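Participant: This is the structure, below, for whatever I ask next.
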């Protein structure tokens, strides 16, 4: 399953980060060193690298892929560098910790193999006799000395002033490879009760998994970011100023600072309404859920985040949801009509992130749907009253 074929739009681009990056990137100090595999393992044991926050349960590498990385180290093959961002010194001893910008799966593999003992080598192509072996068993092999002493180029970013600088580096490092979720970095930098909540609730959401075409939590955290996006627009859309990344980051920081049991209970209600909205959209649109309608009047076949926004914001309201599920044909017809509207088409497939686009596509859709369901337009304007 290839993500670019399923999604109309990426969740971040350089334009989102350009202002902060141009201002603050020149102040960032780049330090390059060579740590051996053995020293990396020692740092992992001391929890110097932040590679094991709650979201790390979603491992991206299979045991075979992880084993092939270990085999490369055992053979002394060059491996890609690791890129880290140095966090301010913590505690009375002034110890530093590092956020992993690039190389998370490689370091996680070392941890699984050398420290946790949960990875047994499998699928090795050259050192076939080591298949089925654990770290303690490999320690006795002649290749182990090479493994422990192999230098791994490590790039450390110091003195960075804004999260956007790390986001830019993260995005650029992955431009030529499989795109990674920007929420991974947000999750590492903006830890707290709310980010844990997003991780937990998205992992149990069958609706989000259905959208992504998966049957378990997404290892790239796209489910968590979709839930964050839904909460942000359902609950805080009046605060949106045009920079989506900044909007989501601000909501996350604010929610982490405000985290409490009463707030969590309030969010439970919001998330429940979002999950009900997703279920209703599938009841109404079936396989065409959360897709724009093409020029032939057919669902495009690709998930569209702008469509996701307006449908979730609409159907999280119980009154509208009940009316819509009672007359799904009217809803489908109304959606087909708005997809012929030039402004609506532009707002969901062209310039999608401006306040004009966010508000414009919602108003056009609400006006058409209120007529189709014979509901007063005022009932739609009251949707965002959490």
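Numbering (our numbering), first residue to last: -16 to 369. Here a beta-carbon is modelled for each residue, glycine too, at the ideal position from N, C-alpha and C. If you're wondering where the values come from, they're calculated on a predicted model, not measured in any experiment.
Label residue 244 either buried or exposed according to how many other C-beta atoms from any shown protein chain fall within 10 Å of its C-beta, with 16 as the threshold for buried.
Facilitator: As a working note, residue 244 is residue 261 in the chain shown. Its Cβ having fewer than 16 others within 10 Å, residue 244 is exposed.
Participant: Rounded to whole angstroms, what's the CA-CA distance from residue 26 to residue 107? Just pull it up for me.
Facilitator: As a first step, residue 26 is located in the chain shown; it is residue number 43 there, counting from the start. As a first step, residue 107 is located in the chain shown; it is residue number 124 there, counting from the start. Cα-Cα distance, rounded: 26 Å.
Participant: Are three or more beta carbon pairs between the segment 240 to 258 and the segment 219 to 229 nearer than 8 Å?
Facilitator: no
Participant: Do you know whose CA, among 253, 355 and 46, lies nearest residue 88's CA?
Facilitator: Here residue 88 refers to the residue found at position 105 when the chain shown is read from its first residue. That would be 46, whose Cα lies nearest to the Cα of residue 88.
Participant: Comparing alpha-carbon positions, which option in 260, 238, 82 and 262 lies nearest residue 139?
Facilitator: Position 156 of the chain shown, counted from the first residue, corresponds to residue 139. Checked all of 260, 238, 82 and 262; the closest Cα to residue 139 is 82.
Participant: Do you know whose CA, among 132, 346, 84 and 123, lies nearest residue 150's CA?
Facilitator: As a working note, residue 150 is residue 167 in the chain shown. For residue 150, the nearest C-alpha among the options comes from 84.
Participant: Less than 7 Å between C-beta atoms, sequence neighbours within five positions excluded: which residues of the same chain meet that for residue 344?
Facilitator: The residue labelled residue 344 in the question sits at position 361 within the chain shown. Only 289, 293, 327, 330 and 331 meet the Cβ criterion.
Participant: What alpha helix (DSSP H) runs, 4 residues minimum, are completely inside the segment 294 to 330?
Facilitator: 301 to 309 and 311 to 321
Participant: Can you have a look at residue 187 and say buried or exposed, based on whether 16 or more other CB atoms are within 10 angstroms of its CB?
Facilitator: For the purposes of this step, residue 187 is identified with residue 204 of the chain shown, where counting begins at 1. So residue 187 counts as exposed.
Participant: By how many angstroms is the C-alpha of residue 179 removed from the C-alpha of residue 208?
Facilitator: Numbered from 1 along the chain shown, position 225 holds the residue referred to as residue 208. Numbered from 1 along the chain shown, position 196 holds the residue referred to as residue 179. Computed Cα separation, rounded: 12 Å.
Participant: Within its chain, find whatever has a CB closer than 6 Å to the CB of residue 335; leave out the 5 residues flanking it on each side and keep chain order.
Facilitator: For the purposes of this step, residue 335 is identified with residue 352 of the chain shown, where counting begins at 1. For residue 335, where only same-chain residues beyond five positions count, the Cβ hits under 6 Å are 289.
Participant: Could you check the C-alpha separation between residue 314 and residue 167 for me, to the nearest Å?
Facilitator: One-based indexing of the chain shown puts residue 314 at position 331. One-based indexing of the chain shown puts residue 167 at position 184. Each residue's Cα considered, the two are about 36 Å apart.
Participant: Under the three-state reduction of DSSP, which class applies to residue 350: helix, strand or coil?
Facilitator: If you number the chain shown from 1, residue 350 lands on position 367. Helix, per DSSP.
Participant: Taking just the CA atoms, how far does residue 112 sit from residue 74?
Facilitator: Here the question's residue 74 lines up with position 91 in the chain shown. Here the question's residue 112 lines up with position 129 in the chain shown. Bear in mind that the predicted position of residue 74 carries a pLDDT of just 48, short of 50, making it too unreliable to give a figure here.
Participant: Should residue 354 be labelled buried (16 or more other beta-carbon atoms within 10 Å of its own) or exposed?
Facilitator: Taking the chain shown and counting its residues from 1, the one referred to as residue 354 is at position 371. By the 10 Å Cβ count, residue 354 comes out exposed.
Participant: What residue range is occupied by the uninterrupted alpha helix (DSSP H) comprising residue 409?
Facilitator: The requested residue 409 does not occur in the structure, where the chain is confined to residues -16 to 369.
Participant: Around the Cβ of residue 309, are there at least 16 other Cβ atoms within 10 angstroms (buried) or fewer (exposed)?
Facilitator: In the chain shown, the residue the question calls residue 309 occupies position 326. So residue 309 ends up on the exposed side.
Participant: How about residue 93 and residue 24: are their beta carbons less than 7 Å apart?
Facilitator: Your numbering for residue 93 matches position 110 in the chain shown. Your numbering for residue 24 matches position 41 in the chain shown. Contact: yes.
Participant: Per DSSP, which residues does residue 67 bridge with? Please list them.
Facilitator: Within the chain shown, residue 67 is the residue found at index 84, counting from 1. Bridge partners of residue 67: 83 and 139.
Participant: Thinking just about the alpha-carbon of each residue, which of 237, 148 and 196 is nearest to the one in residue 215?
Facilitator: Reading the chain shown from its first residue, position 232 is the one you call residue 215. Minimum Cα distance to residue 215 is reached at 237.
Participant: Per the DSSP calculation, residue 268 is bridged to which residue(s)?
Facilitator: For the purposes of this step, residue 268 is identified with residue 285 of the chain shown, where counting begins at 1. Per DSSP, none; premise fails for residue 268.
Participant: Roughly how many angstroms separate the alpha carbons of residue 333 and residue 136, rounded to a whole number?
Facilitator: In the chain shown, counting from the first residue as 1, residue 333 sits at position 350. In the chain shown, counting from the first residue as 1, residue 136 sits at position 153. Between residue 333 and residue 136, the C-alpha separation is close to 41 Å.
Participant: Could you tell me which residues DSSP puts in a beta bridge with residue 105?
Facilitator: Translated into positions along the chain shown, residue 105 becomes position 122. Beta-bridge pairing links residue 105 to no other residue.
Participant: Near residue 263, what residues of its chain come up, given a Cβ to Cβ distance below 7 Å and the 5 sequence neighbours on each side ignored?
Facilitator: To locate residue 263, count along the chain shown from 1; it is residue 280. Result list for residue 263: 298, 304, 307 and 308, in chain order.
Participant: Alpha carbon to alpha carbon, what distance is there between residue 320 and residue 114?
Facilitator: In the chain shown, the residue the question calls residue 114 occupies position 131. In the chain shown, the residue the question calls residue 320 occupies position 337. The alpha-carbon atoms of residue 114 and residue 320 are separated by roughly 59 Å.
Participant: In terms of residues, what are the limits of the alpha helix (DSSP H) holding residue 52?
Facilitator: Locating residue 52 in the chain shown gives position 69, counting from the first residue. Taken as a continuous stretch (DSSP letters only), the alpha helix (DSSP H) holding residue 52 covers 46 to 58.
Participant: Could you tell me if residue 142 is buried or exposed, where buried requires 16 or more neighbouring beta carbons within 10 angstroms of its beta carbon?
Facilitator: Mapped onto the chain shown, residue 142 falls at position 159. When all chains shown are included, residue 142 counts as exposed.
Participant: Thinking C-alpha only, which one of 291, 155 and 276 is nearest residue 211?
Facilitator: Taking the chain shown and counting its residues from 1, the one referred to as residue 211 is at position 228. Of 291, 155 and 276, the residue nearest in Cα terms is 291.
Participant: Does DSSP classify residue 286 as helix, strand or coil?
Facilitator: As a working mapping, residue 286 is identified with position 303 in the chain shown. In this structure, residue 286 counts as strand in the three-state DSSP scheme.
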